[in-house]
Amino acid sequence: MLEELKTEIYWANMMLKEYNLVVLTWGNVSGIDKNREYVVIKPSGVDYDKLKPENMAVVNMRGEVIEGDLKPSSDTFTHLELYKAYKEISGVCHTHSLYATSFAQSYIYKNINPLGTTHADYFDGAIPVTRIMKPKEIKNDYEKNTGLVIIETLKKIKKSPSQMPAVLVRSHGPFTFGKNAEESVEHSIILENIAHLAFNTKILTIVGYSGGNMQNELLRKHFDRKHGENAYYGQGGK
């Protein structure tokens, strides 16, 4: 079942390796079927070089395996909570990419602040880091609660997933989302480059170069020209 979606999710997962977003078996990508009844996701702990489309696991919205001989990703219940909360999400990506995860692990800079137009082209404001999870949230239903804390964070900053297609889970790593699996991976690629730029900018600031958040007007211009109601970036705009 869902052979086309399995192939799509397979190639989306292979993009993680192609763009150096994963080490060993870290990371996973999923997608939900058009009826929002089943999720296809990478199997847990399987080397990317050994993956095939038929290896992808199919689960229902309760996380029960419907098809596949391999266990689904250990992060499956995080993905499921995001799909339940946001109908606009049809793809979810999770990595432990170097720079984005560094910000998730940092207690000095809580967010990745918008420092330039590259950031503003894709993210409507600071990319948030979740709060520290409570011991009981970690002990019981950890993966589900990880999804819930991502949702809580988006609600707190009053952003939709289309406005903020990435959240950094504190002490863990980034989750990105999109209208399909490929777009969720693209957002991870973009996030990693923005995190790298932010890291370098902060280093330059520390050693004496001036820096700071970009003008809000410039942020608005760059985000809205690509994503706003009157967007005109690309071939489909006005």
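Quick note, the sequence shown lines up with residues 1 to 238 if you use my numbering.
The beta carbon of each residue, even a glycine, is placed where N, CA and C say it ideally should be.
C-beta contact flag for residue i and residue j at 7 Å
i, j, result
"residue 94", "residue 124", "no"
"residue 78", "residue 143", "yes"
"residue 97", "residue 73", "no"
"residue 100", "residue 195", "yes"
"residue 180", "residue 102", "no"
"residue 233", "residue 220", "no"
"residue 165", "residue 86", "no"
"residue 58", "residue 38", "yes"
"residue 10", "residue 53", "yes"
"residue 49", "residue 25", "no"
"residue 17", "residue 56", "no"
heavy atom of the ligand MG below 6 Å from residue i C-beta
i, result
"residue 177", "Ligands in the displayed structure: none, and consequently the ligand MG is not present."
For residue i, the first and last residue of its enclosing beta strand (DSSP E)
i, result
"residue 66", "65 to 67"
"residue 178", "173 to 178"
"residue 58", "57 to 60"
Best match in the options for proximity to residue i [C-alpha to C-alpha]
i, options, result
"residue 130", "142, 117, 110", "110"
"residue 133", "8, 220, 122, 149", "149"
"residue 163", "196, 144, 128, 189", "128"
"residue 115", "9, 5, 173, 217", "217"
"residue 174", "105, 120, 204", "105"
"residue 88", "120, 32, 71, 53", "32"
"residue 15", "1, 183, 169, 204", "183"
"residue 186", "51, 205, 4, 92", "92"
"residue 34", "139, 21, 4", "4"
"residue 119", "9, 18, 214, 8", "214"
"residue 176", "223, 147, 61", "147"
"residue 61", "70, 235, 169, 30", "30"
"residue 156", "138, 126, 178, 137", "126"
Environment of residue i [buried if 16+ CB atoms lie within 10 Å]
i, result
"residue 135", "exposed"
"residue 112", "buried"
"residue 40", "buried"
"residue 192", "buried"
"residue 248", "Absent from the structure is residue 248, since the part of the chain shown begins at 1 and ends at 238."
"residue 23", "exposed"
"residue 117", "exposed"
"residue 189", "buried"
"residue 2", "buried"
"residue 81", "buried"
"residue 170", "buried"
"residue 21", "buried"
"residue 208", "exposed"
"residue 64", "exposed"
"residue 51", "buried"
"residue 42", "buried"
Per DSSP, cross-strand counterpart(s) of residue i
i, result
"residue 135", "Partner(s): none; residue 135 has no beta bridge."
"residue 30", "41, 92"
"residue 127", "112"
"residue 72", "43"
Opening and closing residue of the alpha helix (DSSP H) in which residue i lies
i, result
"residue 168", "It is not in any alpha helix (DSSP H) - residue 168 instead sits in the beta strand (DSSP E) that spans 166 to 169."
"residue 15", "3 to 18"
"residue 202", "181 to 206"
"residue 102", "98 to 105"
"residue 216", "216 to 227"
"residue 234", "Counting along the chain, residue 234 falls outside any alpha helix (DSSP H), and DSSP gives it neither H nor E."
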